[in-house]
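Numbering-wise (numbering that gives the first Met the number 0), the sequence shown opens with residue 0 and increments by one.
Beta carbons: idealized from backbone N, C-alpha and C, even for Gly.
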Amino acid sequence: MIISASRRTDIPNHYPDWFFNRIREGYVLVRNPFNMHQVSKVSLSPDVVDCIVFWTKNPAGMIKRLDELAGYHYYFQFTLNPYGEDIEPGFPPGKEDIIKTFMELSEKVGPEKVIWRYDPILISEKYSINYHMHHFGETAMKLKNSTGKCIISFIDLYRKIEKNVKSLDLRTITEENKLEIAAGFSRIAGEFGIGIETCAEDIDLSGFGIGHGKCIDAKLIEKLTGCKLDVRKDKNQRRECGCAESIDIGMYNTCPSGCKYCYANYSSRAARRNFKSHDPYSDLLCGAVTNRDRIIDRSAKSLKASCR
Numbered sequence: 000m001i002i003s004a005s006r007r008t009d010i011p012n013h014y015p016d017w018f019f020n021r022i023r024e025g026y027v028l029v030r031n032p033f034n035m036h037q038v039s040k041v042s043l044s045p046d047v048v049d050c051i052v053f054w055t056k057n058p059a060g061m062i063k064r065l066d067e068l069a070g071y072h073y074y075f076q077f078t079l080n081p082y083g084e085d086i087e088p089g090f091p092p093g094k095e096d097i098i099k100t101f102m103e104l105s106e107k108v109g110p111e112k113v114i115w116r117y118d119p120i121l122i123s124e125k126y127s128i129n130y131h132m133h134h135f136g137e138t139a140m141k142l143k144n145s146t147g148k149c150i151i152s153f154i155d156l157y158r159k160i161e162k163n164v165k166s167l168d169l170r171t172i173t174e175e176n177k178l179e180i181a182a183g184f185s186r187i188a189g190e191f192g193i194g195i196e197t198c199a200e201d202i203d204l205s206g207f208g209i210g211h212g213k214c215i216d217a218k219l220i221e222k223l224t225g226c227k228l229d230v231r232k233d234k235n236q237r238r239e240c241g242c243a244e245s246i247d248i249g250m251y252n253t254c255p256s257g258c259k260y261c262y263a264n265y266s267s268r269a270a271r272r273n274f275k276s277h278d279p280y281s282d283l284l285c286g287a288v289t290n291r292d293r294i295i296d297r298s299a300k301s302l303k304a305s306c307r
C-alpha cells in the first residue's frame with residue numbers, strides 16, 4: 000500500500016504533529032470526499048505501508064522528526080514556485096528560507112527522495128515567460144546538488160478555482176508557449192544536472208528530453224524498497240496522470256496557505272473553518288467522528304511481489 004500525504008492538503012507544513020501521532024497510533028481515519036459520513040480506517044503499520052509520498056511547500060516542521068519514520072520508506076514532492084503573495088499569500092517573498100529547508104531536507108534524506116515541483120506554471124503580464132526563465136534558472140542553480148528531478152505542469156483553470164484566479168488576469172497558455180517554456184527549462188535544467196518530467200500533461204515534450212512523469216512513482220518506490228511491486232495505475236486520477244494507485248489520507252479545504260490556483264482548496268472560508276477544527280490528537284485530520292458516521296476498515300496489504 001502506498002500512502003499519499005497528501006494531494007488534498009499540505010500535511011508536512013500544517014499538520015506534522017497530527018501525522019506523527021497517527022504514525023504512533025498505527026492508523027488514521029479518512030472521510031470519503033464524496034460521502035462525508037463514510038469514514039475509512041486505514042492502517043499505517045510499516046508491515047503494509049510500502050511507501051509514503053509527501054506533498055508539501057514547506058516541511059520544516061518535519062525534518063527534525065524524520066527519525067520517527069524509521070521502518071518506513073518515503074519521499075517528498077516539494078513545490079518551489081516563483082510567485083508572490085498575490086498568488087501564494089501563505090509564503091514569504093523570495094522564499095530563501097524555504098530553499099534552505101529544501102537543501103536541509105535533501106542533505107538529511109538524499110537528493111533522490113526530494114523532488115522539486117515547479118507547479119503549476121501560469122502566465123500573466125507580471126509572470127511572463129521571461130520571468131519564469133529567470134526564476135527557474137535561479138532556483139535550479141541553488142538546488143543543483145539537492146535534487147535530480149523537477150516536475151512541471153501548466154495551470155488547469157478548473158471551474159472551482161475560477162473565482163480565486165479572476166483578479167490575476169491570467170493569459171491562456173498556448174501550445175507555442177508550452178514549447179518555448181519546455182525548451183528553456185530543459186536547457187537550464189541540463190546545465191545543473193536536473194531532469195524534467197511533466198505532471199498529467201498530454202503534450203509531447205520528448206523532443207526536449209522531457210517525459211511524462213509519475214508523481215507517485217512505482218519505479219522509484221521499487222528502487223527505495225528493493226522490491227518489485229504489484230501495483231496498478233491509479234484509475235481515480237485524470238487520464239493523463241501516470242501515478243500508481245495510492246490511498247490519500249488528507250482532506251480537501253483544509254490548507255490555510257491560500258494559494259490561488261489550488262484545486263484542493265477552493266473555499267477559503269471552509270479551509271479556515273476546517274483548520275480551526277483541527278485537533279492533533281484526533282483520528283481525523285479535521286473535526287471529529289459523530290454518530291452519523293459509518294467507519295469501515297479499509298483493506299490494506301503490502302504491494303511487494305518480490306524483494307532482492
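Distance, residue j Cα to residue i Cα
i, j, result
"K40", "L283", "10 angstroms"
"G25", "S42", "6 angstroms"
"S298", "S123", "46 angstroms"
"Y260", "I86", "7 angstroms"
"R272", "F18", "20 angstroms"
"W115", "L79", "7 angstroms"
"A269", "N252", "6 angstroms"
"E308", "C306", "Here the chain covers residues 0 to 307 and nothing more, so residue 308 does not appear."
"K165", "S267", "15 angstroms"
"L228", "D168", "45 angstroms"
Reduced DSSP category for residue i - H, G, I as helix; E, B as strand; rest coil
i, result
"F153", "strand"
"D66", "helix"
"P119", "strand"
"A304", "strand"
"Y74", "strand"
"D85", "coil"
"S3", "strand"
"T138", "helix"
"I193", "coil"
"K107", "helix"
"D282", "coil"
"F53", "strand"
"K148", "strand"
Distance between beta carbons of residue j and residue i, contact taken as under 8 angstroms
i, j, result
"K125", "G194", "That belief does not hold up - the Cβ atoms of K125 and G194 are roughly 29 angstroms apart, past 8 angstroms."
"I1", "A199", "About 17 angstroms separates the two Cβ atoms, so there is no contact after all."
Burial state of residue i (16 or more Cβ within 10 Å)
i, result
"F33", "exposed"
"I160", "buried"
"D9", "buried"
"D173", "Correcting the residue type first, residue 173 is Thr in the shown sequence and not Asp. So T173 ends up on the exposed side."
"S205", "exposed"
"G93", "exposed"
"I151", "buried"
"S127", "exposed"
"T289", "exposed"
Practice problem: Report the residue ranges of all beta strand (DSSP E) runs contained in full by the segment 6 to 50; include only those spanning at least 3 residues, in chain order. | Solution: 26 to 31, 34 to 42
Practice problem: Within the segment 156 to 190, note down every full alpha helix (DSSP H) run reaching 4 residues or more, in order along the chain. | Solution: 161 to 164, 174 to 190
Practice problem: Pick out the complete alpha helix (DSSP H) segments inside the segment 207 to 273, 4 residues or longer, and give them in chain order. | Solution: 217 to 224
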